[in-house]
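Engineer: One structure coming up, written as structure tokens, with questions to follow.
4 protein chains.
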Amino acid sequence: MLHFDSDYMEGAHPEILRRLAEINFEKNAGYGQDEHCRSAARKIRSACFCPDAAVYFLPGGTQSNATVIDSLLKGYQGVVTAKTGHINVHEAGAIEAYGHKILALEQSEGKLEAKAITAFLDAFHADPTKEHMVEPGMVCISHPTEYGTLYTAAELEAISAACRRGRIPLYLDGARLGYGLSAQGTDVTLRMLAQLCDVFYIGGTKVGALLGEAVVFPNPTLADHFFTYSKRHGGVMAKGWIQGVQFDVLFTDGLYFDIAGRANALALELKQGLVQKGYRMFTDSVTNQQLVIVSDEKLLELDQKLTYSYWERFDEEHSVIRLATSWATTQEQITALLELF
Amino acid sequence: MLHFDSDYMEGAHPEILRRLAEINFEKNAGYGQDEHCRSAARKIRSACFCPDAAVYFLPGGTQSNATVIDSLLKGYQGVVTAKTGHINVHEAGAIEAYGHKILALEQSEGKLEAKAITAFLDAFHADPTKEHMVEPGMVCISHPTEYGTLYTAAELEAISAACRRGRIPLYLDGARLGYGLSAQGTDVTLRMLAQLCDVFYIGGTKVGALLGEAVVFPNPTLADHFFTYSKRHGGVMAKGWIQGVQFDVLFTDGLYFDIAGRANALALELKQGLVQKGYRMFTDSVTNQQLVIVSDEKLLELDQKLTYSYWERFDEEHSVIRLATSWATTQEQITALLELF
Amino acid sequence: MLHFDSDYMEGAHPEILRRLAEINFEKNAGYGQDEHCRSAARKIRSACFCPDAAVYFLPGGTQSNATVIDSLLKGYQGVVTAKTGHINVHEAGAIEAYGHKILALEQSEGKLEAKAITAFLDAFHADPTKEHMVEPGMVCISHPTEYGTLYTAAELEAISAACRRGRIPLYLDGARLGYGLSAQGTDVTLRMLAQLCDVFYIGGTKVGALLGEAVVFPNPTLADHFFTYSKRHGGVMAKGWIQGVQFDVLFTDGLYFDIAGRANALALELKQGLVQKGYRMFTDSVTNQQLVIVSDEKLLELDQKLTYSYWERFDEEHSVIRLATSWATTQEQITALLELF
Amino acid sequence: MLHFDSDYMEGAHPEILRRLAEINFEKNAGYGQDEHCRSAARKIRSACFCPDAAVYFLPGGTQSNATVIDSLLKGYQGVVTAKTGHINVHEAGAIEAYGHKILALEQSEGKLEAKAITAFLDAFHADPTKEHMVEPGMVCISHPTEYGTLYTAAELEAISAACRRGRIPLYLDGARLGYGLSAQGTDVTLRMLAQLCDVFYIGGTKVGALLGEAVVFPNPTLADHFFTYSKRHGGVMAKGWIQGVQFDVLFTDGLYFDIAGRANALALELKQGLVQKGYRMFTDSVTNQQLVIVSDEKLLELDQKLTYSYWERFDEEHSVIRLATSWATTQEQITALLELF
């Protein structure tokens, strides 16, 4: 049986496990006030070319999204995002649980357009009844998107400009950021993100860590009381240094990008193999998530030998499935996978 | 420098790390739907003599408290707890963040009395203005308490009876449950808790795990939609099996209780040593947390060689500090610690 | 200057003011526990053919919507409504403020279709990731809609059946219910609503009262703790009997329906007059709200002599405006209004 | 039967009703954007000697408290108040419903002490674990208190100074403010309140209006987006001018203070009569609420001829009851009441 359901099926990159074992008996201060977290934060700041950034570690993506959004929005504000955004679909109402409306816009392959953001902000501010409405208070985009697709540098610049013109912060959900930054042909860099976004998170769980996401505020004044917001959301780990150690390893010698680049390469090999066999891809993904259109008949056959993520119905006879690679995927597994198609 | 600040300063018990490494390349389903979580749940059910219990794994204690309480209370209800309860003092408003009032009662050494609960419930129901008030909808106690103290079986039975008479659930915050159940002289068992409580959690983070708490609903019908409540709280880990593996190890061959019993024994040795040296203890703790009264002058001296948790001021010249043992504390460290006093 | 902005520009129907003056010195129990509220509730129950209904009076529509929805949804649930629904657009996030997501569906002239509800519920329940999503927990429709349009009896029956099949309650926002029930050609009756809906409110503020809405639960078991939910939402008036008196008057000798029927008749006269003059209506409203398409040039002219509600842009040269009649609109005002066009 | 339960048993002062009838056919803009609200706001500003104040009208006291507190607190903050404060006891969790903890302090006759506030703020800021705690973000006091007692000018100055030293706003719940400002011997003025408080509300419902409270922000920058906060809380009335008209009347020729002064005088006559007859008062109230200690035996007798508010048990054989006067209380009623004792 092959397993390509997701990029969170295996443990941590061996180097992370090795390091966790190495420091297992060390005595560290709790709640992220330790030297490992400080070291990881320094390396992340350096990778972002952002010497003043505030960096926090949270255990998961939904937690990060809900805490960041709650900390930045005022009571009367909501968050603008794509209809397909994770926060709008797959977080069980974690944003609304803290009282904030999600203002969901039309999207294309998971991506928002700067024009759509500007049009939405302008329409709000021109509306004579706007005081009866939820004010758009920030924008949240995912990179890569939930469909594995990527923004270009120009697109991100336009979105950032739209937010700055509207005087609201831009937040980037980077659950799989590594795959995005390491993708073939992308012109987006971490440094650029730190310039264009007001806050973003660098996903660890899905890029080789056991758990953990690094929330980065390039301008630390935006991070006011973020620790207490995290505590209030149940997101502060007593053994916070476990997250710090992992990010310290991931941001040493470029491991984070190596892991992601390798997984991307295997995913592209998979994509090319599928296309050669005549399959159609649902989106044009250059990252570790590949969405392929498969006949329902073929799916029944695959079910015997493969686990995958069912994505959505394509038409009456076809479905979309997601196949994802990870730090642990091997060349052999890709070859075996392609043989099933 | 010695470090006795808390029981969450070191990593995981070596057997846990070994097992994590062993299964690192396994491919597991995400979000807790895997065989490790299932196995851990089976062992926990068995240890509780509770074959039908619903068991969920969450990353931390505040997360567990907020999710359980939110899932059990109706909108118009609040949770009764001791004034000194963790949820009332040190969770940054995580309970209120979901809309629920904490109804805090007087306590003694961190413990609530059944009589006080009954009196409070009776007063509420007799109040002609009760429809204008927050209805007490559940009771939350900590065992051990935040002061290291323990309820007796008779006390827990009385509290459970008070709750059942009032038709509200009893929830036990077991962040350090292992230390409580393994304490010398206690007559409280896990089986008993599963009979007396409607829901409780077995703390992992502070009893030898890297992270993770096991929420147990002896009667699974009370756990309706608990997964979605957890997701909404940001508490569902993508690699949920990391928690499952740890609890699977902890509940194999009684490791959980061995870890706790050993730490308790070292803590008692510490306590006896301190008392012999003429120190007064702030509470009569039989668990791994020892609260000792120290003169401020002595404290200045200790600061050179020891880190600890400052608890509270005792009088104008004395303070209370907490010293905690853990799975990693050694006999040598205790001896060295006592030499400082 | 003529004023046709809305139906809440004048005070109360004179009979209401007369009655308020008449009982001004009476001493009544507070918080709705008085004989006027009881009498009004009896008359409403009778008008609904619903002898067991629970009836509550709240000061306004947003308050009623937020309280009813909060009282009926569980934490993990959201409310399904039309994208154009008042709760989704013009209540400043009052639903989300209590933690609930609005699940907004496509609509037509403000109306939801039963088919769309069923399809949405079925898709949710078939989704393998539904435990990560907000569960649709109730449906909210407006009648008349925000566009002045009405459901037919058959449409309401189909929506009610869709909800019952999905085992979720149907809530009807009746801010302008009187106008709907008194409209020419409608086959919807109050009795029918009480059979098809699980809860609805009969709008007073916009149908001749100073303030007040009557929330009706045909099956009173659904109203569990509704008083306390109302208090928690800040919706319980100390002088609650002021609302009771008004509904008592409105539901005596059919005044509520007379007020609405008269306003509808004047609105239809207005509509016919506009159509005769060659104007196009934006929706085919048979109630007191008429949406008419006007050139921007004409609008500038109207601005000198008329106030109205600007609705939305129609095309580059035309806008939609709303003109509304009320209990206080006179034949002379309609004639004068038509002369402006 | 005599009725002294509360000050919200009768309608509005006749002058208010007269004025409501007079303008009943006027056409006013909705949602408080009308000339009556503007005129009332001007008169209130003038009475406060506060030309820049922002003034908003909300329908009730719980609504005002919840909206003001929600609008001023950040997510990680709570509100400091007396344990006996209305927001802590009798608002069914309306503050917590929006996510904020109430930090309740010990009190005396319903009053907070400046010293207690300062001690609490200092303790918080000195606590090494304060980042895990809810930060005190504002102070809320009631004047008169729930026990009918009053702060002196010196006490209010000290509380205001404590808040300013702690850099948090002071909010005054003035549900019965008129009675407080008109009380015999008080040295507190409205002008002083506007200098010492950051926000307060002038209660209308309990001082002669049908409904309505006027929220005053002496410094309007603190009122940022207050309209939208009110809408989000369901507190914006469509016919907002009904509130404006009432406050316009109340603040014309000092009617507000006349109403309150007259009710106070009758209450003092009642108090003196009771004391002469040998009754003990529970608090030393100089306002319209009098709390008297009555034997349970006497209570049974009174129940035949009087309705009152049962307050609390005093001892095994005595109870405390509240008797309140209002704009409608007559000399004859006081005489008749005293004859019952």
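For the record, the sequence lines run as chains S, V, D and G. Residue numbers for the first sequence follow numbering that gives the first Met the number 0, so the first one is 0 and each next one is one higher. Residue numbers for the second sequence follow numbering that gives the first Met the number 0, so the first one is 0 and each next one is one higher. Residue numbers for the third sequence follow numbering that gives the first Met the number 0, so the first one is 0 and each next one is one higher. Residue numbers for the fourth sequence follow numbering that gives the first Met the number 0, so the first one is 0 and each next one is one higher. Where a beta carbon is used, it is the ideal one built from N, C-alpha and C, also for glycine.
1) Examine chain D for any beta-carbon lying closer than 9 Å to the beta-carbon of S:T128, and answer yes or no.
2) Given D:R37, which residues of its chain have a CB within under 8 Å of its CB, disregarding the five upstream and five downstream residues?
3) Which residues mark the beginning and the end of the beta strand (DSSP E) in which G:F24 is found?
4) Using a Cβ cut-off of 8 Å, pull out every chain V residue sitting near S:Y335, in sequence order please.
5) Name the residues in the segment 210–237 of chain G whose C-beta lies less than 9 Å from a C-beta of chain S; which are they?
6) Quick check on this structure: which residue in D:A39, D:F24, D:E9 and D:A161 has the alpha carbon closest to the alpha carbon of D:F246?
7) Tell me which residues share the same chain as D:L104 and place their Cβ nearer than 8 Å to its Cβ, disregarding the 5 neighbours each side in the sequence.
8) How big is the Cα-Cα spacing for G:G44 and D:K42?
9) So G:Y170 contacts chain S; which residues on that side make the cut at Cβ distance below 9 Å?
10) Does DSSP put S:A52 in a helix, a strand or coil?
11) Would the segment 219–238 of chain G count as touching the segment 43–62 of chain G if we require 3 or more Cβ pairs under 8 Å?
12) Distance check for D:V215 and D:G234, CA to CA, integer angstroms please.
13) In this structure, what does DSSP give as the bridge partners for G:C196?
14) Beta carbon of S:G178, beta carbon of S:V206: below 9 Å?
15) Going straight from the alpha carbon of V:Y307 to that of V:T324, what length do you get?
16) So, for S:A96: in the same chain, excluding its five sequence neighbours on each side, which residues have a beta-carbon less than 8 Å away from its beta-carbon?
17) Three or more C-beta pairs closer than 8 Å, one from the segment 171–188 of chain S and one from the segment 280–293 of chain S: is that the case here?
18) Within the chosen definition, does the segment 266–284 of chain S reach the segment 84–95 of chain S through at least 3 CB pairs nearer than 8 Å?
19) Ignoring anything shorter than 4 residues or poking outside the segment 76–138 of chain S, list the alpha helix (DSSP H) runs there in chain order.
20) Got a sec: which bits of the segment 74–92 of chain D sit with their beta carbon under 8 Å from any beta carbon on chain S, in order along the chain?
21) Quick check: what's the CA-CA separation for V:I101 versus V:G77?
22) Taking the alpha helix (DSSP H) that D:V274 belongs to, which residues open and close that run?
23) Using a beta-carbon distance below 9 Å, is D:Y278 in contact with chain G?
24) Run through the segment 284–327 of chain V for me and flag every whole beta strand (DSSP E) of 3 or more residues, listed as ranges in chain order.
25) Residues of chain V with CB closer than 7 Å to the CB of S:K270, please, in chain order.
26) In this structure, what does DSSP give as the bridge partners for D:R279?
27) Enumerate in chain order the residues of its own chain whose CB-to-CB distance from S:T201 is below 6 Å, with the five nearest sequence positions on each side excluded.
28) Quick one: what's S:V214 bridged to in DSSP?
29) By a C-beta neighbour count over all protein chains shown, 10 Å radius and 16 as the cutoff for buried, is G:V346 buried or exposed?
30) Please check the pair S:G74 and G:D223, which I expect to be a contact at CB under 8 Å, by giving their CB distance rounded to whole angstroms.
31) With 16 as the cutoff for other CB atoms within 10 Å, does S:D33 come out buried or exposed?
32) Which word fits D:D186, buried or exposed, when buried means at least 16 other C-beta atoms lie within 10 angstroms of its C-beta?
33) Check whether the Cβ atoms of G:G136 and G:L72 sit closer than 9 Å, and answer yes or no.
34) Please classify S:H85 as buried or exposed, where buried requires at least 16 other C-beta atoms within 10 Å of its C-beta.
35) Tell me, please, whether the CB atom of G:K205 is closer than 9 Å to any CB atom in chain V?
36) I want to verify the contact list: residues of chain G whose CB lies under 9 Å from the CB of V:V319, in sequence order.
Structural biologist: Let's see:
1) Answer yes: the Cβ-Cβ gap between S:T128 and chain D drops below 9 Å somewhere.
2) For D:R37, the CB contacts under 8 Å within the same chain, skipping 5 residues up- and downstream, are G243 in chain order.
3) Note, G:F24: premise wrong, no beta strand (DSSP E); not H, not E.
4) Per the sequence shown, the amino acid found at residue 335 of chain S is Ala instead of Tyr. Those do not exist, as S:A335 stays about 13 Å from chain V at its closest Cβ, beyond 8 Å.
5) Against chain S - using a Cβ distance shorter than 9 Å - the residues of the segment 210–237 of chain G are D223, H224, F226, T227, Y228, K230, R231 and V235.
6) Measuring from the Cα of D:F246, the nearest candidate turns out to be D:A39.
7) Non-local C-beta neighbours of D:L104 in its own chain, meaning closer than 8 Å and more than five positions away in sequence, comprise V79, T80, A81, K82, L111, A115, I116 and F119, ordered along the chain.
8) Residue 44 of chain G is actually Arg in this sequence, not Gly. G:R44 and D:K42: Cα-Cα distance of roughly 44 Å.
9) Close partners of G:Y170 in chain S (Cβ separation under 9 Å) are lacking, with about 16 Å as the shortest Cβ gap.
10) For S:A52, the three-state secondary structure derived from DSSP is coil.
11) Inter-segment contact for the segment 219–238 of chain G and the segment 43–62 of chain G is present: three or more beta-carbon pairs are separated by less than 8 Å.
12) Roughly 15 Å separates the two Cα atoms.
13) For G:C196, DSSP assigns no beta-bridge partner whatsoever.
14) Before going on, a small fix: residue 178 of chain S reads as Tyr here, not Gly. Yes, the pair counts as a contact, with Cβ atoms nearer than the cut-off.
15) Just so you know, the alpha carbons of V:Y307 and V:T324 end up roughly 11 Å apart.
16) For S:A96, where only same-chain residues beyond five positions count, the Cβ hits under 8 Å are A65.
17) Segments in contact, yes.
18) Verdict: no, contact absent.
19) Within the segment 76–138 of chain S, the complete alpha helix (DSSP H) runs of at least 4 residues are 85–88 and 113–125.
20) Residues of the segment 74–92 of chain D with a C-beta less than 8 Å from any C-beta of chain S: G74, Y75, G77, V88, H89, E90, A91 and G92, listed in chain order.
21) Answer to the nearest angstrom: the Cα atoms are 6 Å apart.
22) First-last of the alpha helix (DSSP H) with D:V274: L254 to Q275.
23) Chain G, which has no Cβ nearer than 9 Å to the Cβ of D:Y278, makes this no.
24) The beta strand (DSSP E) runs of length 3 or more contained entirely in the segment 284–327 of chain V are, from start to end of the chain, 288–294, 308–314 and 317–323.
25) Residues of chain V passing the Cβ test: none, with the nearest at roughly 21 Å.
26) Answer by DSSP bridge pairing, in chain order: D:I292.
27) Residue identity differs from the one stated: residue 201 of chain S is Ile in this sequence, not Thr. So the list reads G173, L176 and A213, once near-sequence residues are dropped.
28) Note: S:V214 is bridge-paired with S:Y55 and S:Y200 in the DSSP secondary-structure output.
29) The first residue shown for chain G is 0 and the last is 340, placing residue 346 of chain G beyond what the model contains.
30) For S:G74 against G:D223, the beta-carbon gap comes to about 11 Å, at or over 8 Å, which does not count as contact.
31) So S:D33 ends up on the buried side.
32) Taking a 10 Å sphere around the C-beta of D:D186, we find fewer than 16 other C-beta atoms and assign the residue as exposed.
33) For G:G136 and G:L72, yes; Cβs fall inside 9 Å.
34) Per the 10 Å Cβ criterion, buried.
35) Using a CB distance cut-off of 9 Å, G:K205 does not count as an interface residue toward chain V.
36) Those within 9 Å of V:V319 in chain G number zero; the least Cβ separation is about 13 Å.
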